[in-house]
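Chemist: Structure provided below as structure tokens; questions to follow.
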Amino acid sequence: MEEDFKELEEDAEILKALAHPVRLCIVKGLWRRGSCNVSHMQYCLQVPQSTLSQHLQKLKSAGLIKGVRNGVEIQYTLCHPKTVRILQALFKKSGSEPFGKESS
Numbered sequence: 182m183e184e185d186f187k188e189l190e191e192d193a194e195i196l197k198a199l200a201h202p203v204r205l206c207i208v209k210g211l212w213r214r215g216s217c218n219v220s221h222m223q224y225c226l227q228v229p230q231s232t233l234s235q236h237l238q239k240l241k242s243a244g245l246i247k248g249v250r251n252g253v254e255i256q257y258t259l260c261h262p263k264t265v266r267i268l269q270a271l272f273k274k275s276g277s278e279p280f281g282k283e284s285s
């Protein structure tokens, strides 16, 4: 019973981190796309860079995403297996553009 509760606490923390439309859109896009940089996310989400950075920090702090530097940009990816399972339960994987706009 105690182990079940501990796992439920972890699940609740993941859900808290996902409980904002911008953060949910970020992880949904990363799930569908595999990885993405901030410039593309900002273009697709149409939010200020500072706002996007705050949301990315919350997701990183929760251990749901990680960033890997590639030259001057950082490529973000999902890094928590439960996040993928939650996204699979919420969304059907389709061929649509992950962040809601066509790539240029």
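When we follow my numbering, the leftmost residue of the sequence shown carries the number 182, and every step to the right adds one. Think of the CB as a built atom: it goes at the ideal place given N, C-alpha and C, for glycine as much as any other residue. Predicted model only: the values in this text are computed from it and were never measured.
(1) Since I believe L196 is in contact with V208 (beta carbons under 8 Å), could you give me their beta-carbon distance rounded to a whole number of angstroms?
(2) Between which two residues does the beta strand (DSSP E) carrying V253 extend?
(3) How far does the alpha helix (DSSP H) with S231 in it reach, from first residue to last?
(4) Could you tell me the distance, in whole angstroms, from the CA atom of S220 to the CA atom of E183?
(5) Secondary structure at K247, three-state DSSP: helix, strand or coil?
(6) Report the rounded CA-to-CA distance for G248 versus R204, giving the unit in angstroms.
(7) When burial is assigned at 16 or more other CB atoms within 10 Å of the CB, is H236 buried or exposed?
(8) Quick one: what does DSSP say C260 is sitting in, helix, strand or coil?
Modeler: According to the structure data:
(1) That belief does not hold up - the Cβ atoms of V208 and L196 are roughly 12 Å apart, past 8 Å.
(2) For V253, no beta strand (DSSP E) run applies, since DSSP gives it neither H nor E.
(3) Element bounds for S231: 230-242.
(4) The straight-line gap from Cα to Cα measures roughly 43 Å.
(5) DSSP places K247 in strand when its eight states are reduced to three.
(6) The straight-line gap from Cα to Cα measures roughly 15 Å.
(7) Buried is the label assigned to H236, since at least 16 other Cβ atoms lie within 10 Å of its Cβ.
(8) C260 carries a coil assignment under DSSP once its states are collapsed to helix, strand and coil.
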